[in-house]
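K.L.:
I have a structure I would like to understand better, so I am pasting it below and will then ask my questions one at a time.
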Amino acid sequence: MVVVSKHLLLRLLLLFLLLLANPCVAQFDFGQLLGGVGQMTNQGGLNLGGLLGQGQPNAAQNNDQPPRHWHRGGPPPGPPRQQNGGGGGGLENIGGAVEGFLNRVGVNKQFTSQLGRIKIPPIPALAVHNVLDGVPGILRQFLPPQTVGQITAIARQAIESICSSNNCMQQRPEWLHQRASIAQFESLITKTLTPGKTDIQIGRDVEIRLSRTFQVKKALIRKAGLEGRVEPANNGIFQQDLLLTEQQANRAGNSLFFETSPAQKWPVGQPILYMFDQSVPQTDQSSVRAAVQEIQSKSCLTFQESSSKPAGAHLYYVKINNPQFCGLSYVGRITPANPIYLSFLCGNAVGIAIHETMHALGLQHEQLRVDRDTFININWANINPQNYDTFAKSELVKFTSYGVRYDYGSIMHYASNIAAKAPGLKTMTAKTNPGANDPSMGQRRGLSATDVEVLRRMYCMPGCVDANVYCGVWATNNLCQLASTKAWMSQNCRKSCSLCGGG
């Protein structure tokens, strides 16, 4: 357990804020920030909530719906981020503490200008294997174009029209506060999980990850032909609730295609270990346990709670008292552990914990599937242009549907009003039966039948593989049984074509 005095906490926060305010600093020195934290043990996890926030919330605050008030000393945070379309106010903890300090010392403008001067190393050139080698020509005809980040001229005009009356180039203070909050959490998580790393290396790694994420979002804006008109939110996250490793950001563009990225798959046949940071109170731990049980009861996966830090990869649940977040997670297994940040401030705590845990298992957002335009319309005139990455489809050569149909009611689907420029506006509309399917989007009640099927195909069919990442696309286009393609599909797309029996 980490014992931190009020003086050390104040020193820690002041050090961090001084680093942000110093216009001569080209990169945040989290090494100094972390230097006074002291020794950390494996027992029980690091109490990040107590270290960075204002201690545990009181009983009146410890519920799924945040109280509808905001302490004076900082600006209102704006509406909390929503996965499921629910409402709520704001609870000030770490976000409020950091915002109060930032506004009292007046560093917001300096922070913004400093971020603009950070020298981000270029994304390295990566060798990309031609996955269409040996694929019959008829199958190539059914592939959607590689359009990651690209949009139609009509969509671009709609976004430009929004920006003509709004400043789409300015970073909002709450986004910068979000980034600072994530940096603190990620730095302290890394310190406790990898004690052999120096503080300087931790600081460098965290800043590279956050800078890479921003770089990816800027690249998507450039692909859309909106560079110079739209500056994406520099809040440290991707697509509203994802954190990117440096490697993922280098290739960022369903479900991870594990056949070509086996290191990101959790081992089959052994329990997935998970533990709680001390910031997670018992009531919230119960929500996470219910989420884990839901996944375990409907798949071949098993989970095991640990009271001390496991030696290998594991899930590490942390409570982040910030009303701007519902949850944050990485996609797929990462080492040494997958931190899963949950605020428990958005309602449907169990469902949100399921959603974020499913990300850690390798699942992406449903509405970003490469075939999504067949099923939904994106209402570009209603989106917040600076959250454009929320609607950028998945990279075709990285994610697959494994032949499972599109599902408006998937727990991995966002609500129809996600990332809207104003409350009450729809950003997504179902092309089929919108009266029934629009309300289904963003449900956080539990796993849908298709969610269960995707997990089954990802983890519960040993020896059954797809030889090509496009198998899912071809299968959902009914090419498994087409006379001219059946033989090739039967040999190379056994998983997506459901040719392996039970599992």
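According to mature numbering (1 follows the signal peptide of the UniProt record, and there is no 0), the stretch in the sequence shown is residues -26 to -1, 1 to 477, in order.
The beta carbon of each residue, even a glycine, is placed where N, CA and C say it ideally should be.
Quick test of your reading: R419 and G325, contact by CB under 8 Å. State the CB separation rounded to the nearest angstrom.
P.N.:
So it is a contact: roughly 6 Å between Cβ atoms.
K.L.:
Can you have a look at V378 and say buried or exposed, based on whether 16 or more other CB atoms are within 10 angstroms of its CB?
P.N.:
V378 comes out buried.
K.L.:
Measuring CB to CB, does I314 end up less than 9 Å from E268?
P.N.:
Taking 9 Å as the Cβ cut-off, I314 and E268 do not qualify as a contacting pair.
K.L.:
Where does E279 sit, in a helix, a strand or coil, going by DSSP?
P.N.:
Three-state DSSP puts E279 in a strand.
K.L.:
May I have the straight-line CA-CA distance separating N316 from G446, to the nearest angstrom?
P.N.:
The sequence shown places Leu at residue 316, rather than the Asn named in the question. Distance between the alpha carbons of L316 and G446 is about 31 Å.
K.L.:
By the three-class DSSP mapping on this structure, what secondary structure does F212 have?
P.N.:
F212 falls in the strand class under three-state DSSP.
K.L.:
Unbroken alpha helix (DSSP H) runs of length 4 or more, entirely within the region 357 to 428: which are they?
P.N.:
List check, alpha helix (DSSP H) in window: 408 to 414.
K.L.:
Please classify P169 as buried or exposed, where buried requires at least 16 neighbouring CB atoms within 10 angstroms.
P.N.:
Exposed: under 16 other Cβ atoms inside 10 Å.
K.L.:
How many angstroms separate the CA atom of S282 from the CA atom of C474?
P.N.:
S282 and C474: Cα-Cα distance of roughly 39 Å.
K.L.:
Whole angstroms is fine: what's the gap from P255's alpha carbon to S280's?
P.N.:
Cα to Cα, P255 sits roughly 16 Å from S280.
K.L.:
So which of Q124, I246 and P147 has the shortest CA-CA distance to G306?
P.N.:
Here the closest residue by C-alpha is I246.
K.L.:
Select from T459, V439, N451 and P397 the residue whose C-alpha is nearest the C-alpha of residue 481.
P.N.:
With the chain covering only -26 through 477, there is no way to say anything about residue 481.
K.L.:
Check whether the region 330 to 342 and the region 381 to 397 touch, using three or more Cβ-Cβ pairs below 8 Å as the test.
P.N.:
Contact holds: three or more Cβ-Cβ distances are below 8 Å.
K.L.:
For V303, which beta-bridge partners are listed by DSSP?
P.N.:
For the record, residue 303 in the displayed sequence is Ser; it is not Val. DSSP output for S303 lists L216 as bridge partner(s).
K.L.:
For K192, which option in L453, N209 and I176 has the closest C-alpha, if you only look at C-alpha atoms?
P.N.:
The option with the nearest alpha carbon to K192 is N209.
K.L.:
Might you give, ordered along the chain, the residues of its own chain that have their beta carbon closer than 7 Å to the beta carbon of K395, omitting 5 neighbours on each side?
P.N.:
Within the same chain, K395 has close Cβ partners I136, N356, I357 and N358.
K.L.:
Under DSSP, the beta strand (DSSP E) around L466 begins and ends at which residues?
P.N.:
In the sequence on display, residue 466 carries Asn and not Leu. No beta strand (DSSP E) contains N466, which is instead part of the alpha helix (DSSP H) from K460 to N466.
K.L.:
With three or more C-beta pairs closer than 8 Å as the rule, is the region 260 to 275 touching the region 292 to 309?
P.N.:
Because the criterion of three Cβ pairs below 8 Å is not met, the region 292 to 309 and the region 260 to 275 do not touch.
K.L.:
Does the region 104 to 118 come close enough to the region 451 to 461 that 3 or more CB-CB pairs lie under 8 Å?
P.N.:
The answer is yes - the region 104 to 118 touches the region 451 to 461, with three or more Cβ pairs under 8 Å.
K.L.:
Determine the closest residue to N452 out of C434, I133 and C471, with distance taken between C-alpha atoms.
P.N.:
The shortest C-alpha separation from N452 is found at C471.
K.L.:
Exposed or buried, which one is N104 when buried takes at least 16 other CB atoms within 10 Å?
P.N.:
Exposed: under 16 other Cβ atoms inside 10 Å.
K.L.:
Kindly list the residues whose CB is nearer than 8 Å to the CB of N353, restricted to its own chain and excluding five residues on each side of it in sequence; keep chain order.
P.N.:
L399, K400, T401, M402 and T403, listed in sequence order.
K.L.:
Tell me which same chain residues have a C-beta within less than 6 Å of the C-beta of Y304, skipping the five on either side of it?
P.N.:
Excluding positions up to five away in sequence, the list reads L217 and N312.
K.L.:
With a threshold of 8 Å, are at least 3 pairs of Cβ atoms found where one atom belongs to the region 173 to 190 and the other to the region 144 to 151?
P.N.:
No: fewer than three Cβ pairs fall under 8 Å.
K.L.:
Which whole-angstrom value describes the C-beta separation of N442 and N411, a residue pair presumed to lie in contact below a C-beta threshold of 8 Å?
P.N.:
Actually they are not in contact, since the Cβ atoms of N442 and N411 sit about 30 Å apart, beyond 8 Å.
K.L.:
Does DSSP put S204 in a helix, in a strand, or in coil?
P.N.:
Checking the displayed sequence, the identity of residue 204 turns out to be Val instead of Ser. Looking at V204 - three-state DSSP - the assignment turns out to be coil, as it is neither helix nor strand.
K.L.:
Rounding to the nearest angstrom, what Cα-Cα distance links L293 and F365 in this structure?
P.N.:
Per the sequence shown, residue 293 should be read as Lys rather than Leu. Computed Cα separation, rounded: 27 Å.
K.L.:
Please list, in chain order, all residues of the same chain as Y362 whose beta carbon is under 8 Å from its beta carbon, the five residues on each side excluded.
P.N.:
Within the same chain, Y362 has close Cβ partners I133, K191, L194, I195, A198, L200, V204 and P206.
K.L.:
Under a Cβ-count criterion, where at least 16 other Cβ atoms within 10 Å of its own Cβ denotes burial, should V242 be classed as buried or exposed?
P.N.:
V242 is exposed by the Cβ-count criterion.
K.L.:
Assuming S375 and T450 form a contact by the criterion Cβ under 8 Å, report the distance between their Cβ atoms to the nearest whole angstrom.
P.N.:
At roughly 6 Å, the Cβ-Cβ gap stays under 8 Å, so S375 and T450 are in contact.
K.L.:
Mark G108 as exposed unless 16 or more other C-beta atoms lie within 10 angstroms of its C-beta, in which case mark it buried.
P.N.:
Exposed, since its Cβ has fewer than 16 Cβ neighbours within 10 Å.
K.L.:
May I ask you to report which of helix, strand or coil DSSP gives D347?
P.N.:
Residue state, collapsed to three classes: helix.
K.L.:
Classify residue 482: buried if its beta carbon has 16 or more other beta carbons within 10 angstroms, exposed otherwise.
P.N.:
Residue 482 is absent from the model: the chain starts at -26 and stops at 477.
K.L.:
Give the DSSP bridge partners of K293, in chain order.
P.N.:
Paired residues: L316.
K.L.:
By the 10 Å Cβ neighbour count, where 16 or more other Cβ atoms means buried, how is A323 classified, buried or exposed?
P.N.:
A323 should be labelled buried.
K.L.:
Mind checking which residues open and close the alpha helix (DSSP H) that includes L113?
P.N.:
Start and end: G111 to R114.
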